[in-house]
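Working notes, beginning with the structure itself.
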Amino acid sequence: MTEDTKITWLKRLLIVKMVVVLLLWALPSWIAPEPVLNIFGVKMPEDPFFMRIFGGVQLGLIFLYWFAYRNPVRNRDIIKYAVIDNALSFITILGVAFTTGITNPTIWVSAVLVALFAIGFYVLIPAPVEA
Numbered sequence: 009m010t011e012d013t014k015i016t017w018l019k020r021l022l023i024v025k026m027v028v029v030l031l032l033w034a035l036p037s038w039i040a041p042e043p044v045l046n047i048f049g050v051k052m053p054e055d056p057f058f059m060r061i062f063g064g065v066q067l068g069l070i071f072l073y074w075f076a077y078r079n080p081v082r083n084r085d086i087i088k089y090a091v092i093d094n095a096l097s098f099i100t101i102l103g104v105a106f107t108t109g110i111t112n113p114t115i116w117v118s119a120v121l122v123a124l125f126a127i128g129f130y131v132l133i134p135a136p137v138e139a
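Written out as structure tokens, the structure reads:
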């Protein structure tokens, strides 16, 4: 695969990632009322602080992905971060699944998505620019 083709596919993947983060994780965690969370099979925690902070952080990550989209070669460290972030999310979900169990289908969908994102970002990391 040529570098130009990799960049094209990386940009597509970044768009998908931004949309998924916004609709599946960021907005629901940040501002969704309890009835909306119930659609995702998530119960409102007694103290929603950490859930709301998670949503805010996810919104911030969308901006990082946008920078990577605008110039993937110059911002290749953001792509490397995305590999680590998604891989750790996947490992965390598996750890919880093996220790306490997970029955919520939304979390399993998230597990598949973050695993695919980690692999995709790893494969599509742009080559460094020679000085």
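Using my numbering, the first residue of the sequence shown is number 9, and each one after it goes up by one.
Think of the CB as a built atom: it goes at the ideal place given N, C-alpha and C, for glycine as much as any other residue.
Between Ile87 and Ile133, the alpha-carbon positions lie close to 6 Å from each other. Per DSSP, Ala135 lies in no alpha helix (DSSP H) and is assigned neither H nor E.
Pro36 and Thr13 have their alpha carbons spaced roughly 34 Å apart. Taking the Cα positions, Val81 is about 7 Å away from Pro136. Look at the beta carbons and you see the segment 64 to 74 not touching the segment 96 to 113: under three pairs across the two are nearer than 8 Å.
The beta carbon of Gly49 sits closer than 6 Å to the beta carbons of Asn112 and Thr114 from its chain, once the five residues preceding and following it are set aside; these are given in chain order. For Trp17, the enclosing alpha helix (DSSP H) has its first and last residue at Glu11 to Val28.
Secondary structure at Asn112: coil, using DSSP grouped into helix, strand and coil.
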